[in-house]
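Protein chains in written order, with my numbering: chain A, 6 to 120; chain B, 184 to 294.
Note that beta-carbon positions come from the ideal geometry of N, C-alpha and C, so glycine has one too.
Structural data, given as structure tokens:
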């Protein structure tokens, strides 16, 4: 199989705090991982592409200083939402590409609620 | 701008019927195509991928690809209520293996 985990699955935080979300590929190495956000009843929105050992590539309109991405190993990428505000409340989902197949396997997602 | 369109839906079928989900794409050079299933409140799950023209079968699922007409479809035979979900078509676009997703088709299977 191709298993991707995310931690935490759910987080509630106060406005102004930072939240780190981890994405791990458990049984394969992933040079490339992706971070998505999904608001209720809406489509997946790609936030950034994370490449191991290099800087992430952010999609237009996504603030790189607010959403910090680190991909320090072939099995781990992290997304840190800095100074979170209620409008950042969303479902954050990572995916990992297995090999160079274009095939993405998704983690179970992290539901962030900012009070 | 590479586009993936899933215009039909929502789709409702009775249990046991065949559900047909369609997707068209704009980039004639696309080589691989993916179908994901997303249950409400959950993340997408890969159910099929197809690279070659024709049909690819996996259990009750059949993916059909027609590169000349630029469409890919997913057939679900013997539909079950547990198949009720949103089905996303995805096509790689550009560098870094980014996927362009369609908006999804919501399938409801009536018991």
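Who does residue i pair with in a DSSP beta bridge?
i: residue 217/B; result: 232/B, 273/B
i: residue 208/B; result: 187/B
i: residue 113/A; result: According to DSSP, residue 113/A bridges with nothing at all.
i: residue 19/A; result: None; residue 19/A has no bridge partner.
i: residue 33/A; result: For residue 33/A, which the question treats as bridged, DSSP gives no partner whatsoever.
i: residue 118/A; result: 17/A
i: residue 237/B; result: 248/B
i: residue 283/B; result: 274/B
Do residue j and residue i come within 7 angstroms of each other at the CB atom, strictly closer than that value?
i: residue 98/A; j: residue 63/A; result: no
i: residue 111/A; j: residue 226/B; result: yes
i: residue 100/A; j: residue 76/A; result: no
i: residue 102/A; j: residue 213/B; result: no
i: residue 207/B; j: residue 253/B; result: yes
i: residue 256/B; j: residue 190/B; result: no
i: residue 230/B; j: residue 239/B; result: no
Since residue i meets chain A, which of its residues come closer than 9 angstroms, beta carbon to beta carbon?
i: residue 229/B; result: 7, 108, 109, 110, 111
i: residue 287/B; result: 48, 49
Which chain B residues sit within Cβ distance under 9 angstroms of residue i?
i: residue 98/A; result: 226, 227
Taking Cβ-Cβ distances shorter than 7 angstroms, what residues in chain A pair up with residue i?
i: residue 275/B; result: 107
Applying a beta-carbon distance threshold of less than 8 angstroms, which residues of chain B neighbour residue i?
i: residue 66/A; result: None at all; the shortest Cβ gap to chain B is about 15 angstroms.
i: residue 114/A; result: 225, 226
i: residue 102/A; result: 280
Quick check: is the beta carbon of residue i nearer than 7 angstroms to any beta carbon in chain C?
i: residue 215/B; result: As a matter of chain content, chain C is missing from the structure shown, whose protein chains are A and B.
Could you work out which residues of chain A lie near residue i, taking near to mean beta carbons separated by less than 8 angstroms?
i: residue 232/B; result: 108
i: residue 284/B; result: 48, 49
- Message: Report the start-end ranges of each beta strand (DSSP E) in the segment 46 to 102 of chain A that is 3 residues or longer and not cut off at the edges.
- Response: With a minimum length of 3 residues, the continuous beta strand (DSSP E) runs that stay inside the segment 46 to 102 of chain A are 50 to 56, 72 to 78, 81 to 86, 95 to 102.
- Contact the segment 280 to 294 of chain B vs the segment 43 to 51 of chain A: 3+ CB pairs below 8 angstroms: Touching, yes, given that three or more Cβ pairs across the two stretches are closer than 8 angstroms.
- Task: Specify whether the segment 211 to 230 of chain B and the segment 261 to 271 of chain B touch according to this definition: at least 3 beta carbon pairs, one from each stretch, less than 8 angstroms apart.
- Result: By the criterion of at least three beta-carbon pairs nearer than 8 angstroms, the segment 211 to 230 of chain B is in contact with the segment 261 to 271 of chain B.
- Message: Quick test of the definition: if touching needs 3 or more C-beta pairs under 8 angstroms, does the segment 111 to 120 of chain A touch the segment 7 to 14 of chain A?
- Response: Yes, the segment 111 to 120 of chain A touches the segment 7 to 14 of chain A.
- Item | Inter-stretch contact at 8 angstroms, needing at least 3 Cβ pairs: the segment 79 to 91 of chain A / the segment 24 to 31 of chain A | Yes, the segment 79 to 91 of chain A is in contact with the segment 24 to 31 of chain A.
- Query: Can we say the segment 246 to 262 of chain B touches the segment 190 to 204 of chain B, given the rule of at least three CB pairs closer than 8 angstroms?
  - Reply: The segment 246 to 262 of chain B vs the segment 190 to 204 of chain B: in contact.
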